[in-house]
Structures are given as C-alpha cells and as structure tokens.
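Participant:
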C-alpha cells in the first residue's frame, strides 16, 4: 500500500481521489492518469474490480458478477487497445443471438425478425396484429415519468409486456417494470417515442443516426468477454493506472469528507478498519453505491447535502444470488443452443432465468462440459437470495431439471451473493439524481460516477467513466492554474 497522506505528515496533494474501484472508478482513474494527473484510488475491498470476479473449476470458467459486456460504443475497443488486452477479447458465438422465453413450461425462442414474430407461438394472433397500430399511437408528454409497464402496455399491449418486456427487465435490472421509470431506465426507448413518434418508426430511422455516431443499440450490439473472464478488464485497468503513475490503495474504508480553508478536499478513512488515514486532493470522485455515497455526503453537513442524502437513500437495490454450475454435457437434455432463457413472472418459477455461459463463449468449457449461470431473487422475489446454499441449489436444480432436463448433481456449484446487486431506476429517479447533483455548485471539485446514474451496464460504466474523467480533468486544470 502506498504511504498515506496524514494530517501530521502531508506529503502530497493529489489532483484527484477516486473513491471506489469498480469499473466506473477504474475507468475514470485510468483516463485521468493517462492525461498526466496525479490520481489515487481508494477501495474498501482487498482487491480492485468491484463485483467482477472470474475463476475456473475443473477447467470451466465462472463469473461471480457480470458475465459479459456489450460493444455499444467505440470507446470500448479504444480502451482495450490502450490497455493492451484487445487480443484477449472474446466475442459471443453466433448461437448466442438466440434467446429463450419460458411460456407454459416450455422454452420458446424469442423472435428476432418480423417473419419469426408473426410465426412464433410466444404471442397470440391478437398481439401480433395489434403491433400494426403502434405507429399510430400518440407519444406521451416529454415531462411524463411513466413506468416501463405503462409505456409498454400503452404502445404494445399486455401480452407483449408479460412475455417479452417483463422477463427482459428481470434479466437486466432484476427489476419490476411497474416500478421502473422508462425515461430513467431505458432513456433511448423513451427518446425513440419522443423524437420519432413511435418505436417502429424510431428503430428504423434511429439506426441511421447510430451508424453516423459509430454506436449500436443494445439489441444489436455484440456481447463480449475475455478468454480468462471479465476480471481481465478490471485487472488490466488496475495495472494500467499504476503504469502511468496512479496509486490504488485497497482495504481503505472511506468514512468522511470535508474541505479545508484552502478549498482542498480532505478524505478520511481507515486501513483495515484500524489505522486512521487522511488524504488531500483538489477533486474527489465518488464511484460508490448510492448508500455509501449518501453516508459520505452526510458528513458535509449542508442543506444541499442533506437533500442529496435522502435522495440517494431512496434508491432501492435488487438483491440477487447467482448460482454457477458445471456439468458434463451429457447430463443436460436441452441442446443449449442459445444465450440462455428468461422466465416471466406469470410462470411462477423461483429463478429469474439462466445463461448458457459455455454456449455463449467457447472458452468457458470444452465440448464435453457445460456451464450454467442461474439467477435467483431480484425485486420479484427479494426474500429468496438470503436463503442458505442448500435451498438455493434446490431451487435452481428443480427449475433446471424441469426446463432444460438437467439430470443428477452438477460437478460443482459456486454461489455468489449480492444483497444490493443492481440499483433500481424507479419512478422519480431522474429527480433524485438532480437533487444529488444540486450539491455540486456548493462543493466545487466533487463528482459522481457510479451505476446508480447513467446506466447499469459495463458499457455504460465505461462511457460514463470517460465522460467523468474529461469533466474532472477540466476542473483540475482550471482550479490549479
């Protein structure tokens, strides 16, 4: 660990302190360090990377956090090139374009073309032909804060919500579409309606604009990982920060913030919850979960900070437990010919769905084995993730047996628990974010970059980290002239 700056022995005023070493914090710190700023990253855990973690059992790859990213922006490959890990990138196999939805106890491929949509048994004839009226439905008010469920019911109908959007929302946010704000959780969907008057028209016309901007929609973007898992990315970011002069300190629990008479930010914490430490910087980036951010803002003791604290504490998180299992391929009847499957709420199973991890990426297992990643809980069943390991194994085993014919006991299982897995962009979320941002005019040099704002995906975190680093860099240059 680098020598800490203490009140008695202040040796260094950092340009920037980044609190939190998940993807958002690491990307922000790396880009700032690349630009020549003196950056220090403080992380509570014993290693950088946040929830991302990869490993192998019996030669089979598992992920304790995100299984992949989506290549929605050229910033991703630019980052991989800068880190020297582009050649380790592994794109999802073509078969992963196929995704299954459970209906009536059966797994049905989600239609990915107009022809497939009109022939699929997933939706009734009424729903299929009802889609023809979508271009003629009026757009909502631009000031509206409509739920995802309300938006979809209004434009596409109940059945489309139940057997397409609800399971999709459970798979992405582990959330409830009746609670999520479409404007906050799916801003591009909201923008399609506002700009083009409808989704179908927007998907067609909006594709041209994305092409000009060199960006892709998440529906069409390539999923990617790395030959040794997603931890390759966070490990490379940590090495990259150190290589250009940045400092990462782990096992540091930051517990307070203040500003001194010279407007320098003071960051207080403890190493291994024992040794008190203090740091000084021109700017601070809080790349921390909403509850941690609230705790730190509360120490500023200003009216704006108090309002922001309440806004942050009002952001709920979905609890999720992930059960990863390794199998002999012959133990599973289903061909596993796809990305995986999602289960709608109406089907009343205990799992949210399962990824066919080894079908998505060939580096996960050889042809004689399979890796499945099964998700339990979310806002749908928040009481389930806290059950003991045996109960989670029984839930997953029962549903996997019924749905894909998984027979016997897997070769191994690994359970990853995330009591606060995914922030929920519920109704009123954008107003909550504005209340947090209202702190900044009274606290120059304070910035926020975390997945409770601006998107929850890996690609969102990378993009937001780049944008935050540019903003922070501009502030530091101006303030230290």
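Numbering (my numbering), first residue to last: 25 to 505.
Just so you know, even glycine gets a beta-carbon here, dropped at the ideal spot from N, CA and C.
Are residue 99 and residue 261 closer than 7 Å when you measure CB to CB?
Facilitator: To locate residue 99, count along the chain shown from 1; it is residue 75. To locate residue 261, count along the chain shown from 1; it is residue 237. Contact flag unset, no.
Participant: Rounded to whole angstroms, what's the CA-CA distance from residue 504 to residue 467? Just pull it up for me.
Facilitator: Position 480 of the chain shown holds residue 504. Position 443 of the chain shown holds residue 467. Spanning the two alpha carbons is a distance of roughly 16 Å.
Participant: Looking at the secondary structure, which residues open and close the beta strand (DSSP E) in which residue 95 lies?
Facilitator: If you number the chain shown from 1, residue 95 lands on position 71. 93-95 is the span of the beta strand (DSSP E), which, as asked, contains residue 95.
Participant: Can you look up residue 115 in the DSSP assignment and give me helix, strand or coil?
Facilitator: Within the chain shown, numbered from 1, the residue matching residue 115 stands at position 91. Three-state DSSP puts residue 115 in a strand.
Participant: To which residues does DSSP link residue 127 through a beta bridge?
Facilitator: Start at 1 with the first residue of the chain shown, and residue 127 comes out as number 103. 130.
Participant: Report, in whole angstroms, the separation of the C-beta atoms of residue 303 and residue 64, which I expect to be a contact under 8 Å.
Facilitator: By 1-based counting over the chain shown, the position of residue 303 is 279. By 1-based counting over the chain shown, the position of residue 64 is 40. Sure, about 7 Å apart at Cβ, within 8 Å.
Participant: Are residue 253 and residue 111 closer than 7 Å when you measure CB to CB?
Facilitator: Locating residue 253 in the chain shown gives position 229, where the first residue counts as 1. Locating residue 111 in the chain shown gives position 87, where the first residue counts as 1. Not in contact: residue 253 and residue 111 (Cβ atoms no closer than 7 Å).
Participant: If you draw a straight line from the alpha carbon of residue 146 to that of residue 128, how long is it in whole angstroms?
Facilitator: Here the question's residue 146 lines up with position 122 in the chain shown. Here the question's residue 128 lines up with position 104 in the chain shown. If you take the alpha carbons of residue 146 and residue 128, they lie about 10 Å apart.
Participant: For a test of your reading of the model: does the CB of residue 412 fall under 6 Å from any non-hydrogen atom of the ligand MG? Yes or no.
Facilitator: Among the components modelled here there is no ligand, and therefore nothing to report on the ligand MG.
Participant: Report, in whole angstroms, the separation of the C-beta atoms of residue 280 and residue 323, which I expect to be a contact under 8 Å.
Facilitator: Numbered from 1 along the chain shown, position 256 holds the residue referred to as residue 280. Numbered from 1 along the chain shown, position 299 holds the residue referred to as residue 323. Going by Cβ atoms, the distance from residue 280 to residue 323 rounds to 4 Å, so yes, they are a contact pair.
Participant: Three Cβ pairs or more, each shorter than 8 Å: is that satisfied between the region 472-490 and the region 354-372?
Facilitator: no
Participant: Please look up how many angstroms separate the CB atoms of residue 424 and residue 396, rounded, as I've assumed it's under 8 Å.
Facilitator: Here residue 424 refers to the residue found at position 400 when the chain shown is read from its first residue. Here residue 396 refers to the residue found at position 372 when the chain shown is read from its first residue. The Cβ separation is near 7 Å, so the contact holds.
Participant: What do you reckon, are the CB atoms on residue 440 and residue 401 nearer than 7 Å?
Facilitator: Here residue 440 refers to the residue found at position 416 of the chain shown. Here residue 401 refers to the residue found at position 377 of the chain shown. Taking 7 Å as the Cβ cut-off, residue 440 and residue 401 do not qualify as a contacting pair.
Participant: Can you tell me whether residue 84 is helix, strand or coil according to DSSP?
Facilitator: The residue labelled residue 84 in the question sits at position 60 within the chain shown. Strand at residue 84.
Participant: Go ahead and label residue 27 buried or exposed: buried means 16 or more other beta carbons lie within 10 angstroms of its beta carbon, across all protein chains shown.
Facilitator: For the purposes of this step, residue 27 is identified with residue 3 of the chain shown, where counting begins at 1. Low confidence applies here, because residue 27 scores a pLDDT of 40, under 50, leaving its location unreliable and the question unanswered by this model.
Participant: Rounded to a whole number of angstroms, what is the C-alpha to C-alpha distance between residue 46 and residue 358?
Facilitator: Walking along the chain shown from the start, residue 46 turns up at place 22. Walking along the chain shown from the start, residue 358 turns up at place 334. Approximately 36 Å, taken between the alpha carbons.
Participant: If you compare alpha carbons, which of 192, 195, 174, 165 is closest to residue 221?
Facilitator: For this step, residue 221 is matched to residue 197 along the chain shown. With distances taken between Cα atoms, residue 221 lies closest to 165.
Participant: Hey, could you find the ends of the beta strand (DSSP E) residue 437 is sitting in?
Facilitator: Residue mapping note: residue 437 aligns to position 413 of the chain shown, counting from 1. Counting along the chain, the beta strand (DSSP E) containing residue 437 begins and ends at 436-447.
Participant: Helix, strand or coil for residue 481? Go by DSSP, reduced to three states.
Facilitator: The count along the chain shown starts at 1 and reaches residue 481 at position 457. DSSP places residue 481 in coil when its eight states are reduced to three.
Participant: Tell me the rounded alpha-carbon separation between residue 289 and residue 454.
Facilitator: For this step, residue 289 is matched to residue 265 along the chain shown. For this step, residue 454 is matched to residue 430 along the chain shown. Near 27 Å, if we compare the C-alpha coordinates of residue 454 and residue 289.
Participant: By alpha-carbon positions, which one of 444, 403, 367 ends up nearest to residue 426?
Facilitator: Here residue 426 is taken as the residue at index 402 of the chain shown, counted from 1. Ranking 444, 403, 367 by Cα distance to residue 426 puts 367 first.
Participant: In chain order, which alpha helix (DSSP H) runs of at least 4 residues are fully inside the region 147-209?
Facilitator: 149-154, 172-180, 190-196, 206-209
Participant: Could you tell me which whole alpha helix (DSSP H) segments of length 4 or greater appear in the region 379-416?
Facilitator: 381-384
Participant: Alpha carbons only, please: which of 62, 343, 78 is nearest the one belonging to residue 438?
Facilitator: Residue 438 sits at position 414 when you count from the first residue of the chain shown. Ranking 62, 343, 78 by Cα distance to residue 438 puts 78 first.
Participant: May I ask you to list the residues that DSSP assigns as paired with residue 304?
Facilitator: Translated into positions along the chain shown, residue 304 becomes position 280. Residue 304 is bridged to 290.
Participant: Under 8 Å, with one C-beta from each stretch per pair, do the region 494-503 and the region 92-109 reach the 3-pair mark?
Facilitator: no
Participant: Quick check on DSSP: helix, strand or coil for residue 25?
Facilitator: To locate residue 25, count along the chain shown from 1; it is residue 1. Bear in mind that a pLDDT of 32 at residue 25, under 50, signals an unreliable position, so the model cannot answer this.
Participant: Alpha carbon to alpha carbon, how far is residue 195 from residue 404? Give it in angstroms, no decimals.
Facilitator: Counting from one through the chain shown, the residue named residue 404 turns up at place 380. Counting from one through the chain shown, the residue named residue 195 turns up at place 171. Whole-angstrom Cα-Cα distance: 11 Å.
Participant: Should the region 372-389 be regarded as contacting the region 116-130, the criterion being three or more beta carbon pairs within less than 8 Å?
Facilitator: Yes, they touch.
Participant: What does DSSP give as the partner residue(s) for residue 341 in the beta ladder?
Facilitator: Stepping through the chain shown from its first residue, residue 341 is reached at position 317. DSSP lists 447 as partners of residue 341.
Participant: Does the beta carbon of residue 154 come closer than 7 Å to any beta carbon on chain D?
Facilitator: The structure shown contains no chain D, having only a single protein chain.
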